[in-house]
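Have a look at the structure below, then the notes.
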Amino acid sequence: MHPIDWAVLLAFMGWIVYDGLKRTKDSHEIEGYFLANRSIPWWAAGISVMATQLSAITMIGTTGQGYNDGLRFIQFYFALPLAMIVLSVTLVPFFYNSGVYTAYEYLERRFDGKTRSFTSLLFLISRGMSCGAVVSAPAVVLSLVLGWDVTATALLITMPAVVYTMFGGVQAVTWTDVKIMVLIVAGLFALIITAILGWPSDVGLADGLSIAAATGRLRTFDFSFDLTNQYTFWSGTIAALFLFCSYFGTDQSQVQRYLTARSVDEARRSLLMSAYWKIPLQVLVLLLGVLVFVFYVFNPPPMLFSPAHVERLKAGPAAPAYEDLQVEFDAAFQARRIAAAALAPARDSGDAASLATAKAAMRDGEAKLQSVRNRARELVRSSSDEGAFTDVNYIIPRFILTQLPVGLIGLLILAIIMAATDTIAGELNSLSTATVIDFYKRRLRPTASDAHYLTVSKIATGLWGLFACAVAVWAADLGSLIEVVNRFGSFFYGSILGVFILAVAVPRATANGAFFGLLAGMASVAWVAFYTRIAFLWHNVVGAVVVVLVAVLISLVDRRPSPRQT
Amino acid sequence: MPAMAASPPVTGPVHDIRRSYVRVIVVWVLQLLGLFALHVYFS
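Heads up: the protein sequence lines correspond to chains A and B, in order.
According to the numbering used here, the first sequence holds residues 429 to 994 in order.
According to the numbering used here, the second sequence holds residues 968 to 1010 in order.
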């Protein structure tokens, strides 16, 4: 990167961290540190909820997915607004009015201590692991694209989060989230404008979208009911409803965001903000990938977007095979460009037959080019130990580095880094809260002073930050980064949601029923994951349903009342 | 038959939040319709 980009990156990063800490008030008490004394306005809590989800994985992985597959991933988010309404009616008032710090604390009041500790432990494991995946995405990609050291990059992402989360608590996290969200959205628009400006002058927006549509990239709906397919209308509206209810309703990293709101209604409004804006925001992210695809229809793209892998291929024994593929790729690119250029006149002519011919030529050109790209990726896999290599996460960073002006590059790289940083910050804060409230205070030191708990919370934040860094490198080897994060969650999410459904909606459920139901739910998810090809989104449904059924059956036998049943 | 007293209009925060839920559903349906229109128009 140019020194000006470095200056922009470091100056903005310093300002965001400094300003986040400056806005922190009364964080010397435990309620101020973890819940901001319930003083955060609903819109800031709402932006914080959205920013925590919008990680660097979204910035580089989802945009890359838009480039490769188009808009169909948006189906994943179809149920989100419904989940927000369900939670606003059910769990949000329960949590807010009971004055808890963690969602799991509520389970002890309704069931018993072991159910609370176990669900909190599951949260610590799954969120701690996903924290590593969230760091690894930008760390691995930026280190390979920019030639940075992976560990140093992971530290550059994690350290700002550790600093302002340790010293500023949830208030610093929230106010930093607001600024980072503005930076990310501005960055997305800057990239979209850059992509469109790079099209030939006679190609308008409708022409560009037609080119994308001819390759199937604007196909948003898949109504096939296929349990093995990750992204269909049905998995997005039924299975994802369970995932989102669990994620926003029982995951401390989300619950803690809206517990900081001024009232229960403001907590609800902060959640409803995501209901309005999440789908448009994700469309924007995916559309960026689609528009960059159109950019590379008219401008020569690299055959592989990861420069480090290309260099390795060129320096090794696979160099002649790579050069042959490059020649084939250049010819396929020219053929596709000519087919794309013929599409707009065919549309304008109004002749259905010539339009169909032009679309078929475009599809054919795209298929040939993708075939060469697939063989190039296979070449990387066969000539290295990276059996799961894909360059999907390198597309947008490469576009930023080669197409944006100096200064803006620094700002966009910062947006990717800070997207990870704010997600990590929210997660570190919630991990620290669950560690201290659900374990340290509950099990080890129930009667210490606020100052003592505050010190322990800061130490816990730092240790979880180190843990995230350590997991980051390991997680990078597990395949598609988006799915890594969701897979970690899917093993527990549905089952934990089942326990909360029991707590709120099944008055006869007993503590033993809930606890053993939870174990049965997790076992069933593990079985489904290892022995069937059912897509991971449906694991949430399996987990929740099994927990409720098993718990109800056990509760019929186990007549001992839970604390709240008496 | 005695005239039935008209029930008072429901107002206040609860009514406001219920209206918010209805707005969310309306916006959600419009978003899905918009995406479906995009899907159909360009296919």
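Even for Gly, the Cβ is constructed at its ideal location relative to N, Cα and C.
Asked: Nearest-angstrom Cβ-Cβ length linking A/Phe920 and A/Ser554, presumed shorter than 8 Å; Found: 5 Å
Asked: Cut-off 6 Å between Cβ atoms - residues of its own chain near A/Gly945, not counting five sequence neighbours on either side; Found: Val975, Val978 and Ala979
Asked: Contiguous alpha helix (DSSP H) assignments of at least 4 residues, all confined to the stretch 665-709 of chain A; Found: 668-678 and 680-687
Asked: 6 Å CB neighbourhood of A/Ala600 in its chain, flanking five on each side removed; Found: Gly448, Leu449, Thr452 and Tyr592
Asked: Pair within 7 Å by beta-carbon distance, A/Phe726 and A/Trp627; Found: yes
Asked: Best match in A/Ala963, A/Ser952, A/Phe958 and A/Val934 for proximity to A/Ser983 [C-alpha to C-alpha]; Found: A/Val934
Asked: Beta carbon of B/Val1007 nearer than 7 Å to that of A/Pro509; Found: no
Asked: Where the alpha helix (DSSP H) through A/Asn940 begins and ends; Found: Ala939 to Tyr959
Asked: A/Ala795 at chain B interface by Cβ criterion, 7 Å; Found: no
Asked: Residue from A/Ser877, A/Phe964 and A/Leu925 with nearest C-alpha to A/Leu515; Found: A/Leu925
Asked: Interface residues of chain A facing B/Leu1005 [CB-CB closer than 7 Å]; Found: Leu646 and Thr648
Asked: Supposed close pair A/Ala589, A/Thr861 - CB separation, criterion 8 Å; Found: Contact doesn't hold; Cβ gap of about 15 Å is too wide.
Asked: Own chain, CB closer than 6 Å to A/Leu732, minus 5 neighbours either side, in chain order; Found: Val738, Ala804 and Asp819
Asked: Under 8 Å by beta carbon: chain A residues contacting B/Val991; Found: Pro509, Met512, Ile513, Leu700, Ala703 and Tyr704
Asked: Opposing strand residues paired with A/Ile766 [DSSP bridges]; Found: Paired residues: none, contrary to the question.
Asked: 7 Å Cβ cutoff, A/Asp693 in contact with chain B; Found: yes
Asked: Amino acids of chain B, ordered along the chain, whose beta-carbon sits closer than 8 Å to that of A/Phe506; Found: Leu999
Asked: Burial state of A/Tyr529, where buried means 16 or more other Cβ atoms lie within 10 Å; Found: buried
Asked: Extent of the continuous alpha helix (DSSP H) to which A/Val598 belongs; Found: Val578 to Leu625
Asked: As assigned by DSSP and simplified to three states, the class of A/Ile468; Found: strand
Asked: Neighbour list for A/Arg696 in chain B, Cβ cutoff strictly below 7 Å; Found: Ile984
Asked: Residues that A/Leu637 contacts on chain B, provided the C-beta gap is smaller than 7 Å; Found: Phe1009
Asked: Cβ-Cβ distance between A/Lys796 and A/Ala760 below 7 Å; Found: yes
Asked: Coil, strand or helix - A/Met790 by DSSP; Found: helix
Asked: Range of the contiguous alpha helix (DSSP H) that encloses A/Glu855; Found: Leu836 to Thr861
Asked: 6 Å CB neighbourhood of A/Phe440 in its chain, flanking five on each side removed; Found: Leu842
Asked: Inter-residue spacing [alpha-carbon to alpha-carbon] between B/Gly1001 and A/Pro874; Found: 54 Å
Asked: Cβ neighbour criterion (16 or more within 10 Å) applied to A/Gly527; Found: exposed
Asked: Under 7 Å between C-beta atoms of A/Leu712 and A/Leu616; Found: yes
Asked: Chain B within 7 Å of A/Ile620, Cβ atoms only; Found: no
Asked: Cα-Cα separation between A/Ala464 and A/Met609, rounded to whole angstroms; Found: 20 Å
Asked: Nearest-angstrom Cβ-Cβ length linking A/Gly922 and A/Val956, presumed shorter than 8 Å; Found: About 10 Å; that fails the 8 Å criterion.
Asked: Residue nearest to A/Leu482 in terms of C-alpha spacing, selected from A/Val520, A/Val563, A/Ala507 and A/Phe546; Found: A/Val563
Asked: Three-state class that DSSP yields for A/Ile910 in the structure shown; Found: A caution first: A/Ile910 carries a pLDDT of 47, below 50, which makes its placement in the model unreliable, though a value can still be read off. It is helical.
Asked: Status (buried if at least 16 other CB within 10 Å, exposed otherwise) for A/Ile910; Found: The predicted model places A/Ile910 with a pLDDT of 47, which falls under 50 and marks its position as unreliable, so this point remains unresolved.
Asked: Rounded separation between A/Ser995 and A/Val578 - CA only; Found: Since the first and last residues shown for chain A are 429 and 994, residue 995 of chain A lies out of range.
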